[in-house]
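Participant: Input: one structure, supplied below.
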Amino acid sequence: MSFLVFILSITVAVAVKNNSDPGYDILKFMEQFQANLRDPINLSEELICNCSYSGCDTEIVRFLGSTYTGLCRSTSGICYKRLLPDRSIILSCLSKDASPDLHCRVKQPMNDGSMMQCCWNYSFCNGALDLNLVNDYSSVRFHSILLFIRFLCSLFSIIEAVMYIVKSSVNTLFDYRDIKSS
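Take the sequence shown: its letters are residues -15 to -1, 1 to 167, numbered as in mature numbering (1 follows the signal peptide of the UniProt record, and there is no 0).
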């Protein structure tokens, strides 16, 4: 009996959580289009996220109309915000089939110099993520300084190698003269 009460309380908690999510009503309404969706709606996992690039809102606009432009459905329950090196911002959803090596629990730099952070606590959470302070380190000036330091390290390594070669040659020359004179 206690097991049944436990299961019932978890079910109620999930239902309350979903009903209080701002995207829940959109997902609930989209359930009527299940047959035409690429992936079926999973109310316990999915979120509605802000999205800012062309075509990201195709699925929602197709079924709900242009009033819902700028919204996407996250089948993984993860929204993200990405700050590009040119300071432009991309908001979007991660789908279930997103790269498995993409872990975005923290702000993380990407290979292209952008900064990315994810959220999964409620729909539209990616609009509130702040990446500005972190991205100061990926500025052009910072990268220029790093390149200059690498150049100096390489230059000193080359100079040290040349000095070693010259020193070895001079020592060999003097050793050869000593052998010849004796």
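Here a beta-carbon is modelled for each residue, glycine too, at the ideal position from N, C-alpha and C.
Confirm, please, whether the CB-CB distance from Leu12 to Leu28 is below 8 angstroms.
Facilitator: In this structure, Leu12 lies closer than 8 angstroms to Leu28 by Cβ.
Participant: Examine the Cβ distances between the segment 90 to 104 and the segment 146 to 155 and report whether three or more of them are shorter than 8 angstroms.
Facilitator: No contact exists between the segment 90 to 104 and the segment 146 to 155.
Participant: Report all residues from its chain with a CB closer than 6 angstroms to the CB of Leu69; omit the five preceding and five following residues, and keep chain order.
Facilitator: Closer than 6 angstroms at the Cβ level, and outside the excluded window around Leu69, lie Ser99.
Participant: Kindly indicate the opening and closing residues of the beta strand (DSSP E) around Ile12.
Facilitator: Position check: residue 12 holds Leu in this sequence, whereas Ile was assumed. Looking at the DSSP string, Leu12 is not in any beta strand (DSSP E); the run it does join, the alpha helix (DSSP H), is Tyr9 to Met15.
Participant: Looking only at its chain, what residues have a beta carbon closer than 8 angstroms to the beta carbon of Cys64, apart from the 5 residues adjacent to it on each side?
Facilitator: Cβ within range, chain order: Leu32, Cys34, Asn35, Leu76, Ser77, Cys78, Leu79, Cys103, Cys104, Trp105, Ser108, Phe109, Cys110 and Asn111.
Participant: Going by DSSP, what residue range makes up the alpha helix (DSSP H) through Ile45?
Facilitator: Element bounds for Ile45: Thr43 to Leu49.
Participant: Which first and last residues belong to the beta strand (DSSP E) in which Tyr65 is found?
Facilitator: It spans Ile63 to Leu68 - the beta strand (DSSP E) in which Tyr65 sits, taken as one unbroken run.
Participant: Is the CB-CB distance between Ile74 and Arg58 below 8 angstroms?
Facilitator: Cβ atoms of Ile74 and Arg58: not closer than 8 angstroms.
Participant: Under 8 angstroms, do Ser61 and Lys92 count as touching if we go by C-beta distance?
Facilitator: In this structure, Lys92 does not lie closer than 8 angstroms to Ser61 by Cβ.
Participant: Here's the rule I'm using: 16 or more other beta-carbon atoms within 10 Å means buried, otherwise exposed. How should Gly40 be labelled?
Facilitator: The residue in question, Gly40, is exposed, as its Cβ has fewer than 16 Cβ neighbours within 10 Å.
Participant: Just mark Tyr38 as buried or exposed, buried being the case when its beta carbon has 16 or more other beta carbons within 10 Å.
Facilitator: Tyr38 should be labelled exposed.
Participant: Given a threshold of 16 other Cβ atoms within 10 Å of its Cβ, counted over all protein chains shown, does Asp6 qualify as buried or as exposed?
Facilitator: Buried, by the Cβ-count rule.
Participant: Here's the rule: buried if 16 or more other CB atoms are within 10 angstroms of the residue's CB, otherwise exposed. What is Asp121?
Facilitator: Summary for Asp121: the model assigns pLDDT 48, below 50, so the residue's position carries little reliability; its value from the coordinates is reported in the next sentence. Asp121 comes out exposed.
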